[in-house]
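Written below as structure tokens is the structure these notes are about.
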DNA sequence: CAATTGTTGATTGGATCCAATTATGCCATA
DNA sequence: TATGGCATAATTGGATCCAATCAACAATTG
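Chains as they are written, first to last, in the numbering used here: chain A, 3 to 246; chain B, 3 to 246.
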């Protein structure tokens, strides 16, 4: 089975078509990387991707360039575009960024949030309670957070925050695995919405910081367990499978 | 004179050549945009760029794609890749991001800074006092700040911070114009290094926050003046020229 | 048997060519 | 004269082709 079999599946299942082939390739590859279907270290060869997508190497190259600019790929000469590895240090890095950006976005946004934003956020909490699938969970979690940040009125800050949150998807399944998939800090989510409703910026930011810290600890614990086990027979066995 | 005459000049003057044509085109274009030689709204046509660089459209396209992913360009069908506009709102946005990222990076970095880092930072302050040219000033300012942040040990956070600082170059000449080019808050720079030497994180972060706020105010004032004047005969006249 | 070197194959970077879409400007007409 | 339609030209997205570079492997020799 080829390393990009997950890609072939994605292409087959996704009914989505984009205006340009480049956009389609880029969106599909990014989804595959962020969801963990393409593991870190996987080399992606242009010819194979072109064949899988049914296009020429040209749109593939442009898509790979954009993903490289997003730090999801490294171009290695004569090896291919290698999916960037994730690691405990990398997770800590991502969390440092989120810890810097998200409280700022939340504080700027809270004064401008409307009733419909709160109800949407609460609906998303309910959705997260019912849905169990990791891929969908990442999207719901992202939408929940972005709903609370979205009124900040700083589009670049929001876009940057969202892109970081999207890259967090690569770690979310580790988080869920570590927490036994038992509801990912939904109490924090509810407390954030409640504080935001009261326009209590300080409390909301405190809850958010604690929320992020909890997630960081869970992921660090998972990586510690995996790294221990990787001294054993098979290091990869600790990675939770990424189901479609 | 073509709109991309500045590019031709850049190519002629820069003795730099990169390993690949794509990297050369990308670096040159990014430099031209960030330094303000290519104004916001300028459409870049692939064919013209290819001719100017003496390459085919292919490396130009890949370079444009990467710059698009860095939010420096917008692809408009049948118009070309247009340089993203800058505005007062955009400047405020950039500052919100810097205000979130840089204090975090500084706080993480200070405990690990070494003597050589401090002396390098102090040398850069001296350089900034002597050099007057805007383009070089942006680079020196960026290196000064990154020297203080660089020991944070979070490569992604540092890379993100540096990219934001680089995009700040587009506004730096506004800042310098507003402050009468009289030393850009060099007192703040000195105070930051002094506090960092003392491992006084709180003071260093406070100084940095004030430093950023001062710069934000200067740029906001400049944009306010420009927008007033733009009701008059020529709105662009308030933009300080970007000398080579 | 190990180390080294030459050869071959794979892979990417770049150029040229083709197709599709749309902006633009001219001309006819009301 | 203003307006609407149509033809042309310009521009981008995509495909195919060529060249250069490097890695892997095998053969050869000390």
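Glycine included, every Cβ here is placed at the ideal spot set by N, Cα and C. Computed from a prediction, not measured in an experiment: that's the story for all the values here.
Beta-carbon proximity list for residue i, same chain, < 8 Å, skipping 5 on both sides
i: residue 127 of chain A; result: 146, 188, 191, 192, 195
i: residue 233 of chain B; result: In this prediction, residue 233 of chain B has a pLDDT of 47, which is less than 50 and means its spatial position is unreliable; what the coordinates show is noted afterwards. Here the set comprises nothing.
i: residue 107 of chain B; result: 151, 154, 156, 159, 160, 163
i: residue 82 of chain B; result: 45, 46, 47, 48
i: residue 20 of chain A; result: 26, 29
i: residue 226 of chain A; result: 90
i: residue 22 of chain A; result: 61
i: residue 222 of chain A; result: 90, 93, 94
i: residue 103 of chain B; result: 159, 162, 163, 166
i: residue 211 of chain B; result: 101, 105
CB contact flag (residue i, residue j, <7 Å)
i: residue 52 of chain B; j: residue 59 of chain B; result: yes
i: residue 203 of chain B; j: residue 112 of chain B; result: yes
i: residue 87 of chain B; j: residue 43 of chain B; result: yes
i: residue 142 of chain A; j: residue 129 of chain A; result: yes
i: residue 206 of chain B; j: residue 217 of chain B; result: no
i: residue 9 of chain A; j: residue 41 of chain A; result: no
i: residue 71 of chain A; j: residue 65 of chain B; result: no
i: residue 140 of chain A; j: residue 174 of chain A; result: yes
Cβ-based burial, residue i [other Cβ within 10 Å; buried from 16]
i: residue 266 of chain A; result: Chain A is shown from 3 up to 246; residue 266 of chain A falls before or after that span and cannot be answered.
i: residue 68 of chain B; result: buried
i: residue 170 of chain B; result: buried
i: residue 215 of chain A; result: exposed
i: residue 172 of chain A; result: buried
i: residue 14 of chain A; result: exposed
i: residue 245 of chain B; result: Residue placement at residue 245 of chain B cannot be trusted, given a pLDDT of 41 that sits under 50; the coordinates are not used to answer.
i: residue 24 of chain A; result: buried
i: residue 201 of chain A; result: exposed
i: residue 177 of chain B; result: buried
i: residue 116 of chain B; result: exposed
i: residue 243 of chain B; result: Legend: pLDDT at residue 243 of chain B = 44, less than 50; position of this residue unreliable, value from coordinates given subsequently. When all chains shown are included, residue 243 of chain B counts as exposed.
i: residue 149 of chain A; result: buried
i: residue 95 of chain A; result: buried
i: residue 131 of chain A; result: exposed
i: residue 92 of chain B; result: buried
i: residue 219 of chain A; result: exposed
i: residue 119 of chain A; result: buried
Per-residue DSSP class, three states only, for residue i
i: residue 56 of chain A; result: coil
i: residue 7 of chain A; result: helix
i: residue 206 of chain A; result: helix
i: residue 69 of chain A; result: helix
i: residue 77 of chain B; result: strand
i: residue 13 of chain A; result: helix
i: residue 242 of chain B; result: Because the pLDDT at residue 242 of chain B is just 49, under 50, the model does not fix this residue reliably, and the value given afterwards should be weighed accordingly. Three-state DSSP puts residue 242 of chain B in coil, outside helix and strand.
i: residue 235 of chain B; result: Unreliable positioning characterises residue 235 of chain B in this predicted model, as indicated by a pLDDT of 41, which lies under 50. The coordinate reading is nonetheless provided below. Residue 235 of chain B: coil per DSSP, three-state reduction.
6 Å Cβ shell around residue i - same chain, five flanking residues per side excluded
i: residue 62 of chain B; result: 27, 48, 51, 52
i: residue 55 of chain A; result: 27
i: residue 84 of chain A; result: 45, 76, 78
i: residue 101 of chain B; result: 214
i: residue 238 of chain A; result: At residue 238 of chain A, the pLDDT of 40 sits below 50, so the modelled position is not reliable and the matter cannot be decided from this model.
i: residue 57 of chain B; result: 23
i: residue 144 of chain B; result: 167
Own chain residues within Cβ distance below 7 Å of residue i, not counting five before or after
i: residue 36 of chain B; result: 168, 169, 171, 172
i: residue 80 of chain A; result: none
i: residue 99 of chain A; result: 166
i: residue 114 of chain A; result: 153, 155
i: residue 122 of chain A; result: 149
i: residue 31 of chain A; result: 65, 69
i: residue 97 of chain B; result: 214, 218
i: residue 109 of chain A; result: 203, 207
i: residue 73 of chain A; result: 86
Residue i CB to nearest heavy atom of the ligand NAD below 6 Å
i: residue 154 of chain B; result: The ligand NAD is not part of this structure, which contains no ligands at all.
Task: Length at least 3, wholly inside the segment 20-44 of chain A: the beta strand (DSSP E) runs in chain order - done: Listed in chain order, nothing qualifies, since the segment 20-44 of chain A has no complete beta strand (DSSP E) run of 3 or more residues.
Task: Minimum length 4: unbroken alpha helix (DSSP H) runs contained in the segment 81-127 of chain B - done: 90-111, all fully within the segment 81-127 of chain B.
Open item on the list: Extract the residue ranges of the alpha helix (DSSP H) inside the segment 136-204 of chain A, only unbroken runs of 4 or more that lie entirely within it.
Closed with: The segment 136-204 of chain A is shown to contain whole alpha helix (DSSP H) runs of 4 or more residues at 136-151, 157-180, 188-199, in chain order.
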